Amino acid sequence: MALKAPLASPALTGTPTAPTAAQTVNNTQVATTAFVKTALAALVGSSPAALDTLNELAAALGNDPNFATTMTNALAGKMDKSANGADIADIAAFLNNLGLGVGSTLPVGVPIPWPLTAAPAGWLKCNGASFSAAQYPQLAQAHPGLKLPDLRGEFIRGWDDGRGVDSGRALLSSQSHGIPKIYGYFQTYDVGGDEAPTGPFTQAIQSSAQFATGSAPGTDERIFFDSTRIIPDAAEVRPRSIAFNYIMRAA
1 MALKAPLASP
11 ALTGTPTAPT
21 AAQTVNNTQV
31 ATTAFVKTAL
41 AALVGSSPAA
51 LDTLNELAAA
61 LGNDPNFATT
71 MTNALAGKMD
81 KSANGADIAD
91 IAAFLNNLGL
101 GVGSTLPVGV
111 PIPWPLTAAP
121 AGWLKCNGAS
131 FSAAQYPQLA
141 QAHPGLKLPD
151 LRGEFIRGWD
161 DGRGVDSGRA
171 LLSSQSHGIP
181 KIYGYFQTYD
191 VGGDEAPTGP
201 FTQAIQSSAQ
211 FATGSAPGTD
221 ERIFFDSTRI
231 IPDAAEVRPR
241 SIAFNYIMRA
251 A
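The numbers in the UniProt record's numbering rise by one with no breaks, and the one at position 188 of the sequence shown is 188.
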């Protein structure tokens with residue numbers, strides 16, 4: 001009996017063996033070294049090469065002994081997906097961080113009319129000023145000359161692009177004012193019948209006389225040219241308009 005181990009808490013010597021259970025077993029059966037080694041091999045084998053040791057796992061977790069608490073706190077600060085963004089404290093800042101601020105759907109470098117004197121954040125006034133490609137790289141792609149177009153007091157016209165309506169123009173080129181030729185005619189001598197002037201011309205009879213005995217009576221007239229009979233008077237040729245402040249998205 002001295003060579004027998006007690007049934008309660010036996011202390012075995014030598015190399016005792018036991019049946020190796022399948023990896024699917026989950027009870028109080030004794031786990032042999034073969035069972036443990038197979039389980040560990042399966043765990044390591046399914047792990048990426050960079051995370052198949054305890055040291056690598058610890059490093060990946062930041063060597064944080066309280067990693068579970070850290071993650072719980074981090075998750076508590078996340079947005080609630082079911083709220084669909086309603087729990088965002090500063091929505092304007094959030095949209096700006098995503099590049100979805102005011103006018104963000106418009107391409108960088110496109111001028112738009114703005115009803116205020118100051119441009120909003122992220123926009124520049126089209127006043128001919130120079131800018132830095134380092135500060136506004138996207139704007140530099142649209143305007144490689146690193147200079148904003150000066151649209152103060154200007155109208156924008158569609159580029160001809162080979163149509164022939166406004167030929168000879170380059171993109172972003174300026175064009176001075178101009179009008180089609182205004183013309184008309186008048187009669188200088190009305191013996192035999194008066195003929196009214198046309199176009200911008202008018203006439204005013206100064207006197208009426210007969211040049212010689214037996215001749216038809218004639219008139220002494222003044223001829224006036226007035227372009228406002230055709231178009232309104234102004235310092236330049238222009239259509240009707242409403243003044244807006246042209247700005248463009250810079251970033």
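We put the CB at the ideal spot given by N, CA and C, even for glycine. Keep in mind that this is a model prediction, so the values were computed, not measured.
Selection from the options that minimises the alpha carbon distance to residue i
i	options	result
Ala129	Pro149, Thr15, Ile88	Pro149
Pro16	Thr24, Thr33, Thr70	Thr33
Ser174	Gly153, Ala234, Asp233, Ala74	Gly153
Glu236	Gly178, Ser227, Gly184	Gly178
For residue j and residue i, believed in contact at Cβ under 8 angstroms, the rounded distance
i	j	result
Phe201	Ile223	6 angstroms
Trp123	Ala250	6 angstroms
Gln138	Val165	That belief does not hold up - the Cβ atoms of Gln138 and Val165 are roughly 31 angstroms apart, past 8 angstroms.
Gln23	Ala39	6 angstroms
Ala21	Leu12	The Cβ separation is near 18 angstroms, so there is no contact.
Pro115	Leu151	Between Leu151 and Pro115 the Cβ distance is about 15 angstroms, and since that is not below 8 angstroms, they are no contact.
Ser227	Ile182	6 angstroms
Phe67	Leu61	5 angstroms
Unbroken alpha helix (DSSP H) run spanning residue i, endpoints
i	result
Leu139	137–142
Leu75	67–76
Ile91	91–97
Neighbourhood of residue i by C-beta, 7 angstroms cutoff - its chain only, sequence neighbours within 5 removed
i	result
Ala140	Ala133, Leu146
Phe225	Pro200, Phe201
Tyr136	Ala250, Ala251
His143	Gly109
Close-in-space but distant-in-sequence residues of the same chain around residue i (CB under 8 angstroms, 5 per side omitted)
i	result
Met79	Gly85, Asp87, Ile88
Leu57	Leu51
Residue span of the beta strand (DSSP E) that contains residue i, given as start and end
i	result
Leu124	123–125
Arg249	245–249
Ile112	111–114
Neighbourhood of residue i by C-beta distance below 6 angstroms, restricted to the same chain and skipping five residues each side
i	result
Lys125	Ala119, Ile247
Phe94	Ile88
Pro239	none
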